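Student: Taken in order, the sequence shown gives residues 0 to 256; the numbers are from numbering that gives the first Met the number 0. Don't be surprised by glycine CBs; every beta carbon is placed ideally from N, CA and C. Only a predicted model underlies this, so the values are computations on that prediction, with no experimental measurement involved.
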Amino acid sequence: MHLKDKVILITGGTSGIGEACTELFCRHGAKVVTMSIQQQEGEALAQRLCDEGGTCLFHYGDTSKEADVKAAVDLAVAKFGRLDCVHANAGVLRNQKITDITLDDFHLLINVNLLGPVLVAKHAIPVMERQGKGVICFTTSVAADIGFPAHAVYAASKAGVVAMMRSLTTDHSPQGVRFVGVSPGTIDTPMLAASCEGFSKPKDELYAEVAKKIPVQRMGKPADVANVVGFLFTDEAGFVNGSIVHLEGGTRCLPPW
Ligand SMILES: NC(=O)c1ccc[n+]([C@@H]2O[C@H](COP(=O)([O-])OP(=O)(O)OC[C@H]3O[C@@H](n4cnc5c(N)ncnc54)[C@H](O)[C@@H]3O)[C@@H](O)[C@H]2O)c1
0 MHLKDKVILI TGGTSGIGEA CTELFCRHGA KVVTMSIQQQ EGEALAQRLC DEGGTCLFHY
60 GDTSKEADVK AAVDLAVAKF GRLDCVHANA GVLRNQKITD ITLDDFHLLI NVNLLGPVLV
120 AKHAIPVMER QGKGVICFTT SVAADIGFPA HAVYAASKAG VVAMMRSLTT DHSPQGVRFV
180 GVSPGTIDTP MLAASCEGFS KPKDELYAEV AKKIPVQRMG KPADVANVVG FLFTDEAGFV
240 NGSIVHLEGG TRCLPPW
């Protein structure tokens, strides 16, 4: 994976999918700024990767706040002189039917899952256009494509990111910026574990049942996503633009019975 010396910013980079991306890109020689609202975990992760010989900075910041996102982009440019790739990955999940949703949960879902990627794009694109080159990858979700029970607003927030990504290609790809997305299905992360709370069965039993329904007979791992994002960030993926890679083990191919 040719990521050596690429400067990469990852939001939501200290847990689950983002943590796997931070680790993988560092181990492939990238210079990584990893951002989240997990101060302790972020500092520990950056320290561990630096101890292993990698280059990783942790930036504490909330992606729904414009000043925090701008500060993360500015940090990458100030420390490393450029910004080659951004993975807009931070996200939150809330499950309830729309008849039960509170406006606080609505605003949280939209602010983190949709406004966050908007702010990332707003501040990273000018840097990339000045360089004449850059890639932004968005983490969306299978929920953007299918009816996802009790996740209507989450699904809408992710579908919004997909629609935005396509429009960004028309506005900014002529200036050298590529836009891609990864759409995970069921990935074993702390977010997924938290979503099992409130069920009558233990998590492991629920996971085994879910795995059996997926054509590849297993759930996804954070590394499954990181490997694909890493490839999308390479120059070898230079003709992939405005596309979403679905990472769901074939779930969307299942017949409706
Ligand atoms: N796990 C799955 O099955 C799955 C499936 C589809 C899509 N996704 C998406 O993948 C992405 C990563 O999810 P995950 O499963 O690794 O979850 P996770 O909870 O393990 O990690 C989420 C990360 O986002 C960060 N974050 C949350 N709110 C933030 C904010 N306001 N500002 C900055 N950082 C913030 C957290 O600190 C954490 O580092 C999310 O966008 C999620 O919606 C996950």
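#1: Going along the chain, which residues of its own chain have a beta-carbon closer than 7 Å to the beta-carbon of residue 49, five neighbours each way excluded?
#2: Is residue 16 near ligand 1, going by C-beta to nearest heavy atom under 7 Å?
#3: Give the DSSP-derived three-state secondary structure of residue 87 in the structure shown.
#4: Is the beta carbon of residue 204 closer than 8 Å to that of residue 1?
#5: Could you tell me which whole alpha helix (DSSP H) segments of length 4 or greater appear in the segment 89 to 166?
#6: Residue 57 and residue 41: beta carbons closer than 8 Å?
#7: When burial is assigned at 16 or more other CB atoms within 10 Å of the CB, is residue 208 buried or exposed?
#8: Can you tell me whether residue 172 is buried or exposed? The criterion is at least 16 other CB atoms within 10 Å of its CB, across all chains shown.
#9: Quick check on the burial criterion: 16 or more other C-beta atoms within 10 angstroms. Buried or exposed for residue 238?
#10: Specify, as a first and last residue, the run of the alpha helix (DSSP H) that residue 16 falls within.
#11: Are there 16 or more other CB atoms within 10 angstroms of the CB of residue 160, so buried, or fewer, so exposed?
#12: When the Cα atoms are used, what is the spatial distance from residue 98 to residue 105?
#13: Consult DSSP for residue 212 and reduce its assignment to one of helix, strand or coil.
#14: Would you tell me roughly how many angstroms separate the C-alpha atoms of residue 73 and residue 44, rounded to the nearest one?
#15: What are the residues that DSSP puts in a beta bridge with residue 190?
#16: Any heavy atom of ligand 1 closer than 7 Å to the CB of residue 164?
#17: What residue from 152, 181, 164 has the CA that sits closest to residue 140's CA?
#18: Within the segment 37 to 72, note down every full beta strand (DSSP E) run reaching 3 residues or more, in order along the chain.
#19: Taking only the alpha-carbon atoms, compute the straight-line gap between residue 254 and residue 226 and give it to the nearest angstrom.
#20: How many Å lie between residue 136 and residue 250 at the Cα?
#21: With distance defined between alpha-carbon atoms, name the residue in 230, 116, 193, 175 nearest to residue 133.
#22: Relative to the alpha-carbon of residue 60, which residue among 80, 8, 108 has its alpha-carbon at the smallest distance?
#23: Is residue 186 close to ligand 1? I mean its beta-carbon at under 7 Å from any heavy atom of the ligand.
#24: Can you name the residues that DSSP bridges to residue 245?
Tutor: Checking against the coordinates, here is how it stands:
#1: 55
#2: yes
#3: strand
#4: no
#5: 102 to 109, 115 to 130
#6: yes
#7: exposed
#8: exposed
#9: exposed
#10: 15 to 26
#11: buried
#12: 12 Å
#13: helix
#14: 21 Å
#15: None; residue 190 has no bridge partner.
#16: no
#17: 181
#18: 54 to 59
#19: 28 Å
#20: 22 Å
#21: 175
#22: 8
#23: yes
#24: 182
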